[in-house]
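Numbering (my numbering), first residue to last: 2 to 143. C-beta: ideal position from N, C-alpha, C; glycine also.
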Ligand code: HEM
């Protein structure tokens with residue numbers, strides 16, 4: 002599957018405002034996720050206190066390179082390795098996705114129009130599918 006041109010355009014246009022607010026967005030995302038899904042906390046038991054900064058950096062890099070994803074291969078490989086170590090599963094992705102989109106809405110307020118949210122939703126689940134496919138291969142090897 003390919004991302005639509007419209008989505009690529011919107012994500013690129015909103016990449017700066019998302020990057021400027023990335024740490025607020027990702028810390029809000031973890032608060033929302035841990036409130037609605039306390040069982041997910043166990044996965045993050047060994048995480049550093051700055052985990053939200055790592056996710057923020059990844060979100061920023063993704064948005065900035067949405068039309069040139071090849072440059073993210075190394076970063077994606079690293080994320081996959083960490084996810085395998087912490088036993089992330091496909092069914093966790095919608096939980097993170099919904100929490101992230103809610104956090105974007107909360108932090109960006111009116112700037113997060115339905116069109117912007119739709120584009121980020123498509124972009125998130127596109128990346129999620131890439132990670133899920135790679136993680137599936139690694140789990141099968143183990
Ligand atoms: C597109 C979606 C996602 C992205 C871009 C992403 C990104 C990242 C990044 C950048 C790291 C840090 C890697 C490092 O330490 O170098 C990480 C670690 C981690 N992620 Fe994800 N992630 C995603 C989805 C998920 C999901 C769905 C879960 C499950 C709830 C999850 C759970 C974790 C855990 C448990 C860690 C390790 C924390 C630790 O112990 O250090 N991630 N992820």
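message = Within a Cβ cutoff of 7 Å, which residues of the same chain sit near residue 8, ignoring the five residues on either side of it in sequence?
response = Answer for residue 8: 120, 123, 124, listed in chain order.
Residue closest to residue 26, alpha-carbon to alpha-carbon, out of 40, 97, 116, 71 = For the residues 40, 97, 116, 71, the minimum Cα distance to residue 26 belongs to 97.
task = Can you list the residues near the ligand HEM, meaning Cβ strictly closer than 7 Å to any non-hydrogen atom, in the order they appear in the chain?
result = Those residues are 41, 44, 45, 47, 48, 49, 52, 55, 56, 58, 59, 60, 63, 79, 80, 83, 84, 87, 89, 93, 94, 96, 97, 125, 128, 129, 132, given in chain order.
ask   = Would you call the CB atoms of residue 44 and residue 87 closer than 8 Å?
value = Yes. Within cutoff.
ask   = In chain order, which continuous runs of the alpha helix (DSSP H) of length 4 or greater are located wholly inside the segment 76-123?
value = Complete alpha helix (DSSP H) runs here, min 4: 93-109.
key: Classification of residue 136 by the beta-carbon crowding that lies within 10 angstroms, buried from 16 upward   = Classification for residue 136: buried.
message = Taking the alpha carbon of residue 36 as the reference point, which residue from 14, 81, 104, 51 has its own alpha carbon closest?
response = Here the closest residue by C-alpha is 104.
message = Can you give me the C-alpha to C-alpha distance between residue 60 and residue 20, rounded to a whole angstrom?
response = For residue 60 and residue 20, the distance between alpha carbons rounds to 8 Å.
inquiry  = Please report the straight-line C-alpha distance between residue 33 and residue 39, rounded to a whole angstrom.
reply    = Rounded to whole angstroms, residue 33 to residue 39 spans 10 Å at the Cα level.
Nearest-angstrom Cα separation, counted from residue 12 out to residue 78 = Spanning the two alpha carbons is a distance of roughly 22 Å.
ask   = When the Cα of residue 128 is compared with those of 62, 108, 141, which residue comes out closest?
value = Minimum Cα distance to residue 128 is reached at 62.
inquiry  = Please list the terminal residues of the continuous alpha helix (DSSP H) segment that includes residue 56.
reply    = Element bounds for residue 56: 52-65.
ask   = Assuming residue 85 contacts residue 132 under a Cβ cut-off of 8 Å, what Cβ separation, rounded to an integer in Å, is found between them?
value = With a contact defined as Cβ atoms closer than 8 Å, residue 85 and residue 132 miss out at about 10 Å.
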